[in-house]
Amino acid sequence: MSTLSMVLFLICIGLLSYYFFLLQQLYRYFSRRGIPTPPFHFFFGHLKTLWNTPAFHRQLESWTKQYGKIYGIYQGTTPTFVVSDPDFLQEVFVKQFAAFQGRREVLKGIGVHNVFSSSGTPWRRHRSLVHADVYSIHYDRELWGPEDPYVFFPERHKIKRHPMAYLPFGAGPRHCI
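Note that the sequence shown covers residues 3 to 179 in the numbering used here.
Now the structure itself:
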């Protein structure tokens with residue numbers, strides 16, 4: 003091997019080592035903050051598990067039961083909080099929504115402008131639309147018990163509940179548009 007080849011090889015090894023070091027630091031995002039997270043696959047995060055699950059909302063529900071109402075998952079290398087606590091959701095969506103404007107850009111390059119890809123003025127227009135883990139909230143025994151939330155029992159809606167416990171049309175108390 004020539005000296006130039008050896009130097010290039012060492013530079014490549016050094017860059018790969020640095021890349022894996024950065025990935026390792028990235029995957030410590032939740033552990034450094036004391037936030038629980040299910041076991042994940044290096045580089046894929048939790049996507050591999052979610053891809054292999056017939057209904058990913060059932061997997062999120064299972065993780066919610068196991069890790070609590072606030073935990074973290076990795077979408078590839080992107081840390082993402084999963085929240086199923088109505089009080090926390092109300093705090094974020096209603097009281098401090100402006101503080102949570104900085105989201106990653108999704109679908110922006112292909113001409114789609116919605117709550118997930120807009121910013122600035124268009125974002126303000128879309129800001130009343132938010133995606134929450136509605137499935138886990140609607141089947142939470144703590145909110146909908148003592149009866150089994152999976153059993154049809156219409157009388158449960160007569161009891162006054164937390165305003166963020168029932169989100170049938172997207173957000174807020176009976177929000178439709």
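The C-beta atom is built at its ideal place from N, Cα and C for all residues, glycine as well.
Since this is a predicted model, take the numbers as computed values, not measurements.
Take residue i and list the residues in its own chain whose beta-carbon comes closer than 6 Å to its own, dropping the five residues that flank it on each side.
i            : result
proline 42   : The identity of residue 42 in the sequence shown is phenylalanine, whereas the question assumes proline. Answer for phenylalanine 42: His48, Tyr76, listed in chain order.
histidine 59 : Tyr137
leucine 145  : Ala167
Between which two residues does the beta strand (DSSP E) holding residue i run?
i            : result
histidine 79 : In the sequence as presented, histidine is not what sits at residue 79; that position holds threonine. Per DSSP, threonine 79 belongs to no beta strand (DSSP E) and is neither H nor E.
Between residue i and residue j, what straight-line distance do the alpha-carbon atoms span, to the nearest angstrom?
i                : j                : result
valine 108       : tyrosine 31      : The pLDDT assigned to valine 108 is 48, lower than 50, so where the model puts this residue is not dependable, and the model offers no usable value.
phenylalanine 22 : tyrosine 152     : 44 Å
proline 165      : serine 138       : 15 Å
leucine 10       : glycine 78       : 29 Å
threonine 55     : isoleucine 161   : 35 Å
glutamine 98     : phenylalanine 83 : 16 Å
tyrosine 141     : cysteine 14      : 50 Å
glutamine 61     : leucine 6        : 51 Å
leucine 12       : serine 4         : 12 Å
glutamine 68     : arginine 143     : 14 Å
Is it true that the CB of residue j sits closer than 9 Å to the CB of residue i?
i             : j                : result
proline 38    : glycine 74       : yes
leucine 25    : phenylalanine 46 : no
alanine 167   : proline 40       : no
glutamate 180 : arginine 163     : An answer regarding residue 180 cannot be provided, because it is not within the stretch 3 to 179 covered by the chain.
Which same chain residues, not among the five before or five after residue i, have their C-beta less than 7 Å away from its C-beta?
i            : result
glutamine 27 : none
leucine 18   : none
Please list the terminal residues of the continuous alpha helix (DSSP H) segment that includes residue i.
i                : result
phenylalanine 42 : Per DSSP, phenylalanine 42 belongs to no alpha helix (DSSP H) and is neither H nor E.
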